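Engineer:
In this note's numbering, the protein residues as written are 1 to 254.
1. Report yes if the C-beta distance between residue 9 and residue 71 is below 8 Å; otherwise report no.
2. Contact check, residue 61 vs residue 27 under 8 Å by CB: the rounded distance?
3. Could you check which residue in 178, 169 and 173 has the C-alpha nearest to that of residue 153?
4. Between residue 56 and residue 229, what straight-line distance do the alpha-carbon atoms span, to the nearest angstrom?
5. Indicate whether residue 167 and residue 103 have their beta-carbon atoms separated by less than 8 Å.
6. If you scan the stretch 149-180 from start to end, which runs of the alpha helix (DSSP H) of 4 or more residues do you find wholly inside it?
7. Measure the Cβ-Cβ separation of residue 236 and residue 251 and say whether it is below 8 Å.
8. Let me confirm a value: residue 124 is counted as buried when at least 16 other C-beta atoms fall within 10 Å, else exposed. Which label applies?
9. When the Cα atoms are used, what is the spatial distance from residue 54 to residue 46?
10. Considering only their Cβ atoms, is the gap separating residue 6 from residue 74 smaller than 8 Å?
11. Have a look at residue 52 and residue 231 and give me their C-alpha separation to the nearest angstrom.
12. What three-state label does DSSP hand residue 75 in the structure shown?
13. Beta-carbon separation of residue 138 and residue 164 under 8 Å?
14. Between the Cα of residue 128 and the Cα atoms of 99, 91, 195 and 233, which residue gives the shortest distance?
15. Going by DSSP, what residue range makes up the beta strand (DSSP E) through residue 50?
16. Considering only residues of the same chain and omitting the five flanking positions on each side of residue 206, which have a CB-CB separation below 6 Å?
17. Can you give me the start and stop residues for the alpha helix (DSSP H) that residue 80 sits inside?
18. Taking all protein chains shown into account, decide if residue 107 is buried (16 or more other Cβ within 10 angstroms of its Cβ) or exposed.
19. Comparing alpha-carbon positions, which option in 64, 68 and 191 lies nearest residue 24?
20. If you draw a straight line from the C-alpha of residue 173 to the C-alpha of residue 249, how long is it?
21. Following the continuous beta strand (DSSP E) through residue 6, name the residue where it begins and the one where it ends.
22. So, is the C-beta of residue 154 closer than 8 Å to a C-beta in chain C?
Encoded structure:
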């Protein structure tokens, strides 16, 4: 039988591997009212740390109890290393199915960096398809404004995926079009096809005149940028096709 412990709330610190970045205050308040009326039905899960305890699962319950002024909280105390703690936190949040696609993507990427697992190995470990993980992580190639819009549920994940082939300026333009015109996914794909894909096809001839080697270099820059973007969202790349030059500008914040 699982043993619960009553521990001091002030001794608990938030989970450094928490994939969730947005907490709905209204939801926390509703949970606090429920706890006030019925008590804490499901204990939180923590692990011991050098300064007390680190939260692994149940941050909303923890926040709700703290907002009520509770000094202590029921908890399940487990033994877990860094990797185990991160894995448990990610799985607990994914199973609740209310992480945003961007939060989920960041959680997967954090796990890969922390553990050194491949996407396939991570998929097996957490019970997901490799394509699910790959498609989520690709969303991190979107610029910050688009990611924020997905987090805020102003647009859907599928809207975001439709913009992955666009540069930052184009993504911003499409995002504004979606919000201003209330475009659904199919309409968004049509908008992109009409305004960007066809225009890009018209310009392909000017790139070909550089020769195959130049095209390979351009593609290499694009591939490298996508990989770098997965590790640092602030990195930006802009492309400009002039009459005599094809200019690629990489911007990295200090």
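From the three backbone atoms N, C-alpha and C, an ideal C-beta is built for every residue, glycine too.
All values reported here derive from a predicted model rather than from experimental measurement.
Structural biologist: According to the structure shown:
1. A distance below 8 Å separates the beta carbons of residue 9 and residue 71.
2. No, residue 61 and residue 27 are not in contact; Cβ-Cβ is about 11 Å, not under 8 Å.
3. Looking only at 178, 169 and 173, the smallest Cα-Cα distance to residue 153 is reached by 178.
4. Whole-angstrom Cα-Cα distance: 28 Å.
5. With contacts defined by Cβ atoms closer than 8 Å, residue 167 and residue 103 do not form a contacting pair.
6. Qualifying alpha helix (DSSP H) stretches, in chain order: 157-162.
7. In contact: residue 236 and residue 251 (Cβ atoms closer than 8 Å).
8. Exposed, because fewer than 16 other Cβ atoms sit within 10 Å of the Cβ of residue 124.
9. Going from the Cα of residue 54 to the Cα of residue 46 covers about 5 Å.
10. In contact: residue 74 and residue 6 (Cβ atoms closer than 8 Å).
11. Each residue's Cα considered, the two are about 31 Å apart.
12. Residue 75 sits in a strand when the DSSP states are folded into three classes.
13. Contact: yes.
14. Of the candidates 99, 91, 195 and 233, the one whose C-alpha sits nearest the C-alpha of residue 128 is 91.
15. Where residue 50 is concerned, there is no enclosing beta strand (DSSP E), because DSSP gives it neither an H nor an E.
16. Legend: pLDDT at residue 206 = 47, less than 50; position of this residue unreliable, value from coordinates given subsequently. Counting only Cβ-Cβ distances below 6 Å, and skipping sequence neighbours, we find 241.
17. Where residue 80 is concerned, there is no enclosing alpha helix (DSSP H), given that its DSSP letter is neither H nor E.
18. If you draw a 10 Å sphere on the C-beta of residue 107, you find 16 or more other C-beta atoms in it, and that means buried.
19. Restricting attention to 64, 68 and 191, the CA atom closest to the CA of residue 24 is found in 64.
20. Each residue's alpha carbon lies about 19 Å from the other.
21. Residue 6 -> beta strand (DSSP E) spans 5-8.
22. No chain C appears in the structure shown, which is made up of a single protein chain.
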